[in-house]
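2 protein chains.
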Amino acid sequence: MVNVAVDVMGGDNAPVEPVKGAVKAIASGNDIRVYLVGRKDVIEGELNKYQYEKDRIKIVDATEVIETGEPPVMAIRKKKDSSIVKGLNLVKDGVCDAFVSAGSSGAILVGGQVIVGRIKGVERPPLAPVFPTDNGISLLIDCGANVDARASHLVQFAKMGSIYMEHVLGVRNPKVGILNIGTEEEKGNMLVKEAYPLLKNCPDINFIGSVEAREIPKGSADVVVCEAFAGNVALKMYEGVGSTMIGALKETFTTSFLTKLAYLLVKPTLKKTLKRFDATEYGGAPLLGLKGLVVKTHGNATHKEISTSIIQCVTFKEQEINKKINETINMLDN
Amino acid sequence: MVNVAVDVMGGDNAPVEPVKGAVKAIASGNDIRVYLVGRKDVIEGELNKYQYEKDRIKIVDATEVIETGEPPVMAIRKKKDSSIVKGLNLVKDGVCDAFVSAGSSGAILVGGQVIVGRIKGVERPPLAPVFPTDNGISLLIDCGANVDARASHLVQFAKMGSIYMEHVLGVRNPKVGILNIGTEEEKGNMLVKEAYPLLKNCPDINFIGSVEAREIPKGSADVVVCEAFAGNVALKMYEGVGSTMIGALKETFTTSFLTKLAYLLVKPTLKKTLKRFDATEYGGAPLLGLKGLVVKTHGNATHKEISTSIIQCVTFKEQEINKKINETINMLDN
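The following block contains the structure:
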């Protein structure tokens, strides 16, 4: 049985979607028990809407909520009775294997490190969102809060990302690229130039060299290693261009009678195409390298992303990802 | 009369499109003379296709070509008779006011600094591509080859970018943002945290604070200041997502008879929409802060982008951009 704590109070669609996602996950045929963390009355109100196996869902009352704008360190320290702090403590105490939240990224990243703690030898826990490409999906690691990384961090990101991609997302011998501004080995900033030979000589990964941002949406690499600032820029630009183009497309189809008619004709196919670009289809971003699993979903996650994220926690545990991370990282240090 | 040197040998569409762009530019009603730089026989062959005012086009023979893959520093040093070196020398010698090329970015960036030289006081010449947004266009500065910038560089980029945006592209009192991973002042990497207060206290610019990559396509800032590595990632991700989505869209419309019919109905409107996302519509990227103007167009530039870029050189000269840059940069140093 895999025990997953779910933040009922976090994200744009709380509490409706997290609860719905939890109910969906326990009905998926996996051995999952969900701990719904949040205001008890709110959770009970939502649960009343569904039929579900009662012993698969537990309620953990948490009276406080950490808002997105709050300074993370302060919020984690002060709001001991928040859903994020309580959820992370369930992982720390070994009651749960994982914590899934659509709430404040900053608080989840800080809390993950402070409360759950890092695996011995892991210098920095990277946040590794998955995003859609022409070939399926890729992992962008790190997009977290730890900017200004060192080269040794990037090597650890590559190892952890490879393990996650292979054993949780099912891509065999994943291709690892380093985010760069050109494909020649001498290209890059100081960090990339230092990390490149380390990655090239790293026996545990399938390193394919530099990847330009332009190639990422094409799926040239399964795991794209980068420092968090650049990773965040890449990820958010991806989302920004996508939503701007989809917006412009919608406008286009509502221009006239003819374009509206065109929309009716192309709608089913178009919906399938646009779905491919919807990052919320693929589960949340794991914060890797912690003594337990912490997953940050999109702020606007629906029950589908929450439920996918919960189910991925099962694979994470079954595949003993943290044992594998521990082994590979501590081999590196020898 | 503004004299513009045009690289006939550079880019995917050389020599056809550069020559066509030049012919188009001199017919635009502006006082332009173009120096076509490249293999004389090739240029003459292309020019034979057109009717044009003979005294508005000069041919400068250059027998060598710098290829995209060549190491830039070596190429500039060795290939003295290349179109890029000869074109840049025309600017250095005062024969031409500007040089426009679709050729090797690296060689243009290195050559611009080494041959044309920087304006006194300019620490680094940034490359500032223009790209389309929901509001029109924005300038991303720096996307050049000079990675690992210092905070003082970013302040100069902001000043030069503002001047270009206002006086060449016609945006009054342009909003300047710094590319960041959050909008709060305490967010960012070391560089951004150091540059932020300097930009905030800079009287010559209209600083609006941090801009997340997600906001860039919406046009939240007219000038987005960044270090070149992050800028390059943002720009190339923009282009990558755009082309991937357009590709997927094309597939969608060719799926069945109905979707093909839909395409016929929506085609004129859709073309207009997609054109908005085509960066080649808006002219090339200036390399600012040099004693002369050097413009890098997209590698796949057509005559339209070349011609727009040539015409922008007129505005650049008429508006005395380099005099303005000189004044603002050297005020900063006092």
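Top line first, the protein sequences correspond to chains A and B. In terms of the numbering used here, the first sequence opens at residue 1428 and continues consecutively. In terms of the numbering used here, the second sequence opens at residue 1428 and continues consecutively. Glycine included, C-beta positions come from ideal geometry on N, C-alpha and C. None of the values given here were measured: they were computed from a predicted structure.
Output yes or no for whether 9 angstroms exceeds the beta carbon distance between residue i and residue j.
{"i": "L1712/A", "j": "V1557/A", "result": "A quick correction: the sequence has Ala, not Leu, at residue 1712/A. Yes. Within cutoff."}
{"i": "D1631/B", "j": "V1598/B", "result": "no"}
{"i": "D1569/B", "j": "G1658/B", "result": "yes"}
{"i": "D1524/B", "j": "V1431/B", "result": "yes"}
{"i": "T1679/A", "j": "V1693/B", "result": "yes"}
{"i": "I1486/B", "j": "G1530/B", "result": "no"}
{"i": "G1539/B", "j": "V1721/B", "result": "yes"}
{"i": "N1727/A", "j": "G1496/A", "result": "no"}
{"i": "A1449/B", "j": "I1484/B", "result": "yes"}
{"i": "I1503/A", "j": "I1542/A", "result": "yes"}
{"i": "A1689/A", "j": "A1661/A", "result": "no"}
{"i": "G1615/A", "j": "S1647/A", "result": "no"}
{"i": "G1544/A", "j": "F1526/A", "result": "no"}
{"i": "K1505/B", "j": "Y1477/B", "result": "no"}
{"i": "V1762/A", "j": "C1740/A", "result": "Past the edges of chain A, shown from 1428 to 1761, lies residue 1762/A, and the structure says nothing about it."}
What residue from the options has the CA that sits closest to residue i's CA?
{"i": "S1637/B", "options": "D1561/B, L1626/B, R1483/B and L1676/B", "result": "L1626/B"}
{"i": "P1773/B", "options": "G1533/B, D1705/B, I1564/B and N1562/B", "result": "A query on residue 1773/B cannot be resolved here, the shown segment of chain B reaching from 1428 to 1761 and no further."}
{"i": "A1489/A", "options": "I1511/A, N1475/A and E1473/A", "result": "I1511/A"}
{"i": "H1594/B", "options": "N1749/B, I1635/B and A1622/B", "result": "N1749/B"}
{"i": "A1655/A", "options": "I1484/A, T1681/A, I1608/A and A1555/A", "result": "A1555/A"}
{"i": "L1717/A", "options": "V1582/A, V1660/A, M1587/A and K1602/A", "result": "M1587/A"}
{"i": "T1696/B", "options": "T1700/A, P1695/A and T1686/A", "result": "T1686/A"}
{"i": "S1670/A", "options": "K1744/A, S1647/A and T1707/A", "result": "T1707/A"}
{"i": "A1675/A", "options": "E1666/B, L1701/B and M1664/B", "result": "L1701/B"}
{"i": "Y1665/B", "options": "G1472/B, E1642/B, F1684/B and N1516/B", "result": "E1642/B"}
{"i": "F1743/B", "options": "K1447/B, V1443/B and D1458/B", "result": "D1458/B"}
{"i": "I1601/B", "options": "I1470/B, M1592/B and E1745/B", "result": "Contrary to the premise, residue 1601/B reads as Pro rather than Ile in this sequence. Of the candidates I1470/B, M1592/B and E1745/B, the one whose C-alpha sits nearest the C-alpha of P1601/B is M1592/B."}
{"i": "L1517/A", "options": "L1596/A, A1622/A and Y1462/A", "result": "Y1462/A"}
By Cβ distance, which residues of its chain are closer than 6 angstroms to residue i, with the 5 residues on each side in sequence left out?
{"i": "D1751/A", "result": "Reading off the sequence shown, one finds Lys at residue 1751/A, where the question assumed Asp. Closer than 6 angstroms at the Cβ level, and outside the excluded window around K1751/A, lie I1590."}
{"i": "P1445/A", "result": "V1433, V1435 and I1733"}
{"i": "L1536/B", "result": "G1571 and A1572"}
{"i": "V1469/A", "result": "P1442"}
{"i": "N1753/A", "result": "I1546"}
Any idea which residues DSSP pairs residue i with across the strands?
{"i": "P1559/B", "result": "I1564/B"}
{"i": "D1434/B", "result": "V1464/B"}
{"i": "D1488/A", "result": "G1465/A"}
{"i": "L1554/A", "result": "L1714/A"}
{"i": "S1509/A", "result": "E1491/A"}
{"i": "A1723/A", "result": "Here residue 1723/A is Lys; the residue named in the question, Ala, does not match the sequence. Answer by DSSP bridge pairing, in chain order: S1528/A and A1712/A."}
{"i": "R1545/B", "result": "L1717/B"}
{"i": "I1459/A", "result": "V1429/A"}
{"i": "N1633/B", "result": "K1602/B"}
Please state the DSSP three-state secondary structure of residue i.
{"i": "N1659/A", "result": "helix"}
{"i": "E1639/A", "result": "strand"}
{"i": "L1606/B", "result": "strand"}
{"i": "N1761/A", "result": "Interpretation of N1761/A is limited by its pLDDT of 44, a score under 50 that renders its predicted location unreliable; no figure is taken from the coordinates."}
{"i": "V1652/A", "result": "strand"}
{"i": "L1717/B", "result": "strand"}
{"i": "I1493/B", "result": "coil"}
{"i": "I1756/B", "result": "helix"}
{"i": "N1749/B", "result": "helix"}
{"i": "F1743/A", "result": "helix"}
{"i": "N1516/A", "result": "helix"}
{"i": "V1574/B", "result": "coil"}
{"i": "E1444/A", "result": "helix"}
{"i": "T1682/B", "result": "coil"}
{"i": "L1581/A", "result": "helix"}
{"i": "D1439/B", "result": "coil"}
{"i": "L1596/A", "result": "coil"}
{"i": "Y1477/B", "result": "coil"}
Please work out which residues of its chain come closer than 7 angstroms, Cβ to Cβ, to residue i, disregarding the five sequence neighbours upstream and downstream, and give them in chain order.
{"i": "K1645/A", "result": "T1560 and D1561"}
{"i": "C1629/B", "result": "V1582 and A1585"}
{"i": "F1704/A", "result": "P1559 and G1669"}
{"i": "D1508/A", "result": "A1489, T1490 and E1491"}
{"i": "K1723/A", "result": "S1528, S1532, I1535, L1554, G1711, A1712 and L1714"}
{"i": "T1729/A", "result": "N1440, E1444 and T1707"}
{"i": "I1635/B", "result": "K1602, V1603, G1604 and A1648"}
{"i": "K1663/A", "result": "none"}
Considering only residues of the same chain and omitting the five flanking positions on each side of residue i, which have a CB-CB separation below 8 angstroms?
{"i": "S1455/A", "result": "S1734 and I1738"}
{"i": "L1618/A", "result": "A1576, R1577, A1578, L1581 and E1654"}
{"i": "P1498/B", "result": "G1533"}
{"i": "G1609/B", "result": "G1615, S1637 and E1639"}
For residue i and chain E, any beta-carbon pair shorter than 9 angstroms?
{"i": "N1616/A", "result": "Reference to chain E is not applicable here, since the protein chains of this structure are A and B."}
With a threshold of 8 angstroms, establish whether the CB of residue i neighbours any heavy atom of the ligand SAM.
{"i": "E1497/B", "result": "The ligand SAM is not among the ligands present in this structure, which contains no ligands whatsoever."}
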